[in-house]
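In this note's numbering, the protein residues as written are -1 to 178.
Every residue, glycine too, gets a C-beta built ideally from N, C-alpha and C.
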């Protein structure tokens, strides 16, 4: 077994990425303080061809050298926009028939492994502040909540890690197994 060279990885150009069919996921980042977390989420979104990222509240926007450190150019490929108010964003997504899901520990949350995707549905995943999580008002507006089960003592994950786990899970549920 040998590691593959970068030239063997069949990476898309920025132009090819923008033309590619996207995974029907929108990531909403509300009041994220860490620019490195923001950059990491952009990089995850690039890896799984996420449709777009919506940055809300105090969440910083590109171009920014601290975001770039972890995004490694993904801010050039992944579509993004900024809005001040996450509640307006959630309301507008729902009007567009996008299923809005807070990623949070709440009553009646569906554990990630039990969440079933619908193949023709677009999803918006709402991630909240590193300390306070998704605001209660945003949770109340969402169509549902997904919780990542955790068994240790902390019961919290870094926002970038949470995004990576949830995006991967939904991505693979949407794409595999392929119908024969």
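- The beta carbon of residue 160 lies closer than 8 Å to those of 101, 125 and 146 in the same chain, with the five residues before and after it left out.
- Residue 8 and residue 15 have their alpha carbons spaced roughly 12 Å apart.
- Distances from the CA of residue 135 to each of 88, 81 and 153 were compared; the closest alpha carbon is that of 88.
- Taking the Cα of residue 139 as reference, the smallest distance to any Cα among 92, 113 and 158 is reached at 92.
- Within the DSSP bridge table, the entry for residue 168 names no partner.
- Rounded to whole angstroms, residue 17 and residue 171 show a C-alpha spacing of 23 Å.
- In the structure shown, residue 146 falls within a coil segment according to DSSP collapsed to helix, strand and coil.
- The continuous alpha helix (DSSP H) containing residue 136 extends over residues 134 to 139.
- For residue 156, the secondary structure class from DSSP, reduced to helix, strand or coil, is coil.
- For residue 97, the enclosing beta strand (DSSP E) begins and ends at 97 to 101.
- Non-local beta-carbon contacts of residue 110 in its own chain, meaning distances under 8 Å to residues more than five positions away in sequence, involve 144, 145, 146, 147, 163, 164 and 167 in chain order.
- Rounded to whole angstroms, the separation of the alpha carbons of residue 41 and residue 71 is 8 Å.
- Residue 108 has 144 as its beta-bridge partners, per DSSP.
- Here residue 175 has no same chain residue with a Cβ atom under 8 Å from its own Cβ, once five neighbours each way along the sequence are excluded.
- The beta carbon of residue 58 sits closer than 7 Å to those of 33, 36 and 65, all from its chain and outside the five residues before and after it, given in chain order.
- Residue range 63 to 69 is occupied by the alpha helix (DSSP H) that includes residue 68.
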